[in-house]
Amino acid sequence: MPSNKLPPELWYRILYYCDHPSKCSISKVSHRLADVVTEKRGLAIGRCRNRGITLPSDEILSLSFENPDLPLDTKVLKKHNPFGRCISLSPSTMNRFHVEENYGGQAFIGEVVRELTPLERATIDFVLDYESIGIPRWMIDGLRPRIIVSAVLQRCDGAGTRISAKIGVCRLDGMSQPGNFTQKARTL
Amino acid sequence: RIYPLMRVTLTTSDGASVTVSRQLTKHSGFIEKAITDMAVDDNAVPLSAVAVDVDDATLKLVIEWLTEHRDDALPYPEKTDEERRADDIPAWDQAFVQKWDTKEDQQQTLYAVITAADKLDIKGLLDMTCKTLANKINGKTVEEMREILQLECDFTEEELAEIRKENAWCEN
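Residue numbers (UniProt numbering), protein chains in the order written: chain D, 1 to 188; chain L, 1 to 172.
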C-alpha cells in the first residue's frame with residue numbers, strides 16, 4: 001500500500017507527532033499531503049476557537065503556517081495575541097523583574113539585577129518558558145512563537161533608577177539556535 | 001466478562017482463518033463490537049468467525065503485537081495534546097518495527113499495520129505505528145520525505161517555482 005493511500009484521518013494522527021517545520025515540509029511533498037496539512041491546520045484552528053482561544057487574524061495565521069521561520073510583526077501579535085491572554089511586562093524598581101500574565105497567576109522569570117553604577121545601563125533578555133505558564137505544547141508546536149522580554153535599567157544621577165522594558169515576539173528558527181534560549185545580561 | 005481461554009476465529013480478507021484468544025481480541029474495539037453484535041454466548045468455543053478486512057500476513061503481525069501487549073491496561077489511556085510525544089515507544093515495539101526494516105517492503109508493511117490497527121480499532125498499536133512513521137519523517141527535507149514515503153512529486157513547474165521561492169524566503 002503506498003503512503004498516499006492512507007486516509008486523511010490517519011495522516012492527522014501521524015501529524016500529531018510531527019514538529020512544525022516538518023509539517024511545513026510535508027505540505028510540499030505532494031498535492032494530497034498539502035491538502036492534508038492544510039486541513040489539519042484548519043482542525044487546529046477550529047480547536048483553538050472551540051476552546052475560546054483568540055487567534056491572530058487569518059492572514060497572520062496563514063503566514064505563520066506557511067513560513068515557519070518568518071519573524072512576525074510584534075505589534076500585530078501583541079494586538080492579536082495568539083494565546084488569547086495578555087502577557088505584560090511589569091518592570092519594577094525592585095531587584096527582580098517579573099513577567100505577569102493575567103490568567104490566574106504570575107509567571108516569574110526573575111533575574112537578580114546587580115547594583116548599577118550611575119548612568120550605567122544593563123539589558124537583560126529573557127526567554128519565556130511557555131509551558132511553565134500553562135500555554136499548551138500543541139499550540140507552541142503550531143505557532144512556534146518566542147517572546148523575548150528585554151528590560152533596560154538606567155540609573156540616572158540623582159534621579160533614582162529608570163527602568164524601561166519592551167517585549168518582542170519572533171518565530172523560532174527551527175530549534176537550531178539553542179543559544180537564543182539562554183538568558184543573558186550585558187552592560188552597554 | 002472476558003474468559004481468557006475463550007477463542008475467536010478471525011477470517012481475513014484473503015480467506016485465511018486465524019483463531020486467537022479473547023485475551024488478545026479484547027484490545028480490538030472492532031472485534032469486541034462484532035462479538036457483542038453477534039449476541040452469542042460468551043462460553044461458546046470457538047465463536048463464530050469474525051470477518052476482518054485485513055490480510056493474513058498483516059493480521060499475523062497484529063497478533064504478534066497483541067500477544068506482547070495482552071496484559072496492557074484497558075481502556076487504552078487517551079493522551080492529551082500536551083502529553084503526546086513520539087519518543088516514548090517501548091523497546092519491544094521498536095524492535096518489533098525494526099524487524100520489518102529487513103524487508104524490502106518495510107514501508108508497505110508499516111502502512112498496512114497502521115491501516116489494520118485503525119480498522120481493528122487497536123489504539124495502542126495505532127499510536128505506536130503512527131509515532132514510528134512520524135519519527136521517520138521528522139526533520140527530513142522535502143526530497144527525503146518523498147523518498148521515505150515513496151511519493152512522486154506531482155507539483156507543476158510553476159508550483160515548484162513557487163515552493164522554491166518560499167524556501168528561499170525561509171532559508172534567508
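Yeah, the Cβ is synthetic: ideal placement off N, Cα and C, and Gly gets one too. Since this is a predicted model, take the numbers as computed values, not measurements.
Tell me whether the beta-carbon of residue i lies closer than 8 Å to the beta-carbon of residue j.
| i | j | result |
| --- | --- | --- |
| I137 of chain L | C18 of chain D | yes |
| C153 of chain L | S30 of chain D | yes |
| I122 of chain L | S28 of chain L | yes |
| V113 of chain L | L151 of chain L | no |
| T9 of chain L | V52 of chain L | no |
| M38 of chain L | R22 of chain L | no |
| residue 175 of chain L | V50 of chain L | Residue 175 of chain L lies beyond the residue range present for chain L, which begins at 1 and ends at 172; the question has no answer from this structure. |
Distance check for residue j and residue i, CA to CA, integer angstroms please.
| i | j | result |
| --- | --- | --- |
| A116 of chain L | L125 of chain L | 9 Å |
| N148 of chain L | Q107 of chain L | First, the amino acid is wrong: residue 148 of chain L is Ile here, not Asn. Their Cα atoms are separated by approximately 8 Å. |
| I89 of chain L | E39 of chain D | 27 Å |
| D56 of chain L | T109 of chain L | 12 Å |
| A95 of chain L | I14 of chain D | 20 Å |
| V142 of chain L | A161 of chain L | 14 Å |
| L59 of chain L | T156 of chain L | 39 Å |
| D105 of chain L | Y111 of chain L | 10 Å |
| Y16 of chain D | E78 of chain L | 13 Å |
| K140 of chain L | T36 of chain L | 44 Å |
| F30 of chain L | E159 of chain L | 42 Å |
| L66 of chain L | R146 of chain L | 31 Å |
| P7 of chain D | G15 of chain L | 24 Å |
| Q98 of chain L | E144 of chain L | 20 Å |
| D93 of chain L | D87 of chain L | 12 Å |
| D35 of chain D | E83 of chain L | 26 Å |
| K5 of chain D | E32 of chain L | 27 Å |
| W100 of chain L | R32 of chain D | 26 Å |
Just tell me which of the options has its CA closest to the CA of residue i.
| i | options | result |
| --- | --- | --- |
| E9 of chain D | L:E152, L:D118, L:A134, L:T36 | L:D118 |
| L133 of chain L | D:W11, D:A34, D:R32 | D:W11 |
| E68 of chain L | L:M38, L:A91, L:I31, L:A34 | L:A91 |
| D127 of chain L | L:V142, L:Y76, L:I31 | L:Y76 |
| N135 of chain L | L:L24, L:D105, L:R85 | L:R85 |
| I63 of chain L | L:K26, L:E78, L:A34 | L:K26 |
| D71 of chain L | L:E78, L:W100, L:L24 | L:L24 |
If residue i and residue j are in contact, beta carbons under 8 Å, what's the gap, nearest whole angstrom?
| i | j | result |
| --- | --- | --- |
| V37 of chain D | S22 of chain D | With 8 Å as the limit, V37 of chain D and S22 of chain D do not qualify as a contact, their Cβ atoms being about 10 Å apart. |
| L120 of chain L | V54 of chain L | 7 Å |
So what does DSSP say about residue i, is it helix, strand or coil?
| i | result |
| --- | --- |
| S22 of chain D | helix |
| T156 of chain L | coil |
| L151 of chain L | coil |
| V8 of chain L | strand |
| T38 of chain D | helix |
| A51 of chain L | strand |
| V142 of chain L | helix |
| V20 of chain L | strand |
| L66 of chain L | helix |
| A57 of chain L | helix |
| F83 of chain D | Low confidence applies here, because F83 of chain D scores a pLDDT of 42, under 50, leaving its location unreliable and the question unanswered by this model. |
| I137 of chain L | helix |
| K99 of chain L | helix |
| H31 of chain D | helix |
| G124 of chain L | helix |
| L110 of chain L | helix |
| E78 of chain L | coil |
| A86 of chain L | coil |
| L15 of chain D | helix |
| A73 of chain L | coil |
| D14 of chain L | coil |
Cβ-heavy atom distance between residue i and the ligand GTP below 7 Å?
| i | result |
| --- | --- |
| K33 of chain L | In terms of ligand content, the structure shown is empty, and the ligand GTP therefore cannot be addressed. |
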